[in-house]
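Reviewing the structure listed below.
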Amino acid sequence: MMRTRKYILEPAIISITLLHVGHGGDLLNQRASHFLLHWFSRYEHLFMRAINYLAMRDWVHRLKITKRVVDRISGLVIRNINGEILTLEESCKLVEKIADSGYTIAVGTCPCRRARNQMSDEKPNNTDMVFGRWAEEYLENYPGLYERIDKEKALRLIKVFEDYGYFHQLYGWSFPQDAAFVLCNCAPDVCIPLQAQRTRGYTSFRKGRNTAVVDEESCLGVEKCGICMERCPFGARYEREGKSIVNTEICYGCGLCVSSCQGGASSLKRDSKRELVFARMILD
Ligand code: SF4
Ligand code: SF4
């Protein structure tokens, strides 16, 4: 299986990716083929539906053989296509730079919501913010579902998503060139990669370059407040002597606990051991 993956599967994927290579500009590095962009964007929700099915069915993970197959598939997907966590500030800076460089920005319905048929009447559904050639594909494939937006609207939306407790991740493809495609603004109860990480232990995301820290003196206490514990999508907050503490090993640096901290006790600290991959061309 290892050999099949190394010598057949991955080279085949890379070849398809490189077919008819276009040039999307330097900042986003989007040099994937039109073939790949078109078909992936057209059927992304079906792809997500399949992942959701495989991740959520207990029988798949009980049987050794099916578990092994699913583990291999998820490993392949995660190695090549995944998202890195960004803070609100980083997301805004990213969008500003993308817009100022003249790339198209579009927003449309979250593919996880479409895959799970989980539309909300109370919370935003249109949280999938796509860029450049990827955005052009979505606008062409889903004229009623995606709309072209300007920088101001994009920035406004990101702040609204943050208020709703949605975390931000820049999705990209590692092959062949670490390219950035979409800023997913993810509702924790809808996000399929997060559900797969929580229930099956897959590492669905790259950590951001920050970790949260708490000034315990300023923390109002979990009983009185505790908002950060509810907001943390990664379960990185825990209680110690009535105060909210961060488990830095599993903190992804999303910053949701910081923007909502009632006592001004939480902040983000840059971790020198962590680096961005897809956003590194865009953020300093
Ligand atoms: S949100 Fe801030 S003040 Fe409230 S429990 Fe968490 S760290 Fe403490
Ligand atoms: S502790 Fe804060 S920064 Fe870390 S993952 Fe949780 S919400 Fe995000």
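For the sequence shown, the residue numbers in this note's numbering are 3 to 286. Ideal Cβ positions, reconstructed from N, Cα and C, are used throughout, including at glycine.
*asked:* Given 7 Å as the limit, tell me if Gly265 has its C-beta closer than that to any heavy atom belonging to ligand 1.
replied: Within the cutoff, so yes.
*If you measure from the CB of Leu278, is any heavy atom of ligand 2 nearer than 7 Å?*
no
*From which residue to which residue does the beta strand (DSSP E) around Arg150 run?*
Segment Tyr148 to Arg150, the beta strand (DSSP E) holding Arg150.
*asked:* Can you tell me whether Cys188 is helix, strand or coil according to DSSP?
replied: strand
_CB-CB length for Leu185 against Met121, believed under 8 Å_ = Going by Cβ atoms, the distance from Leu185 to Met121 rounds to 20 Å, so no, they are not a contact pair.
*Distance CB(Phe169)-CB(Leu258) smaller than 8 Å*: yes
*Distance, Phe280 Cα to Asp102 Cα*: 18 Å
*Shorter than 8 Å from the beta carbon of Asp123 to some beta carbon of chain C?*
In summary, chain C is missing from the structure at hand, where a single protein chain is found.
*asked:* Once the 5 residues before and after Cys193 are set aside, which same chain residues still bring their CB inside 6 Å of it?
replied: Counting only residues of its own chain and dropping the five nearest sequence neighbours on each side, Cys193 has a CB closer than 6 Å to the CB of Cys114.
*asked:* So, under 8 Å CB-CB, Leu30 and Ala181 are touching, yes? Tell me the CB distance rounded to an integer number of Å.
replied: A Cβ-Cβ separation of about 6 Å places Leu30 in contact with Ala181 under the 8 Å criterion.
*Is Ile80 near ligand 1, judged by its Cβ being under 7 Å from some heavy atom?*
Not under cutoff, so the answer is no.
*Run the proximity test for Gly134: is its beta-carbon closer than 7 Å to any non-hydrogen atom belonging to ligand 2?*
no
_First and last residue of the uninterrupted beta strand (DSSP E) at Asn212_ = Asn212 to Val216
*Measure the CB-CB distance between Leu172 and Gly244 and report whether it falls below 8 Å.*
no
*Do Gly255 and Thr205 have their C-beta atoms closer together than 8 Å?*
Note that the C-beta distance between Gly255 and Thr205 is not below 8 Å.
*Please go through the region 49 to 113 and give each complete beta strand (DSSP E) segment of 3 or more residues, from N-terminal end onward.*
83 to 88 and 107 to 110
*Could you say if the region 125 to 141 and the region 31 to 48 meet the contact criterion of at least three C-beta pairs nearer than 8 Å?*
Using a Cβ-Cβ distance cut-off of 8 Å, the region 125 to 141 and the region 31 to 48 are in contact, since at least three pairs of beta carbons, one from each stretch, lie closer than that value.
*Does the Cβ of Phe236 lie closer than 7 Å to at least one heavy atom of ligand 2?*
yes
*What residue does the alpha helix (DSSP H) around Val260 start on, and which one ends it?*
Leu258 to Ser261
*Taking Arg282 as the reference, give the member of Arg208, Leu157, Pro145 and Val260 with the closest Cα.*
Arg208
*Arg233 vs Ser262 beta-carbon contact at 8 Å*: yes
*Could you please give the first and the last residue of the uninterrupted beta strand (DSSP E) stretch that includes Gln171?*
Phe169 to Trp175
*Would you say the beta carbon of Ser262 comes nearer than 7 Å to a heavy atom of ligand 1?*
Proximity of the beta carbon of Ser262 to ligand 1 is indicated: a heavy atom of the ligand is located closer than 7 Å.
*Reducing DSSP to helix, strand and coil, say where Val132 ends up.*
strand
_Spatially closest choice to Gly134 from Ser43, Glu277, Tyr240 and Ala267, by CA coordinates_ = Ser43
*Return helix, strand or coil for Ala34, following the three-state DSSP convention.*
coil
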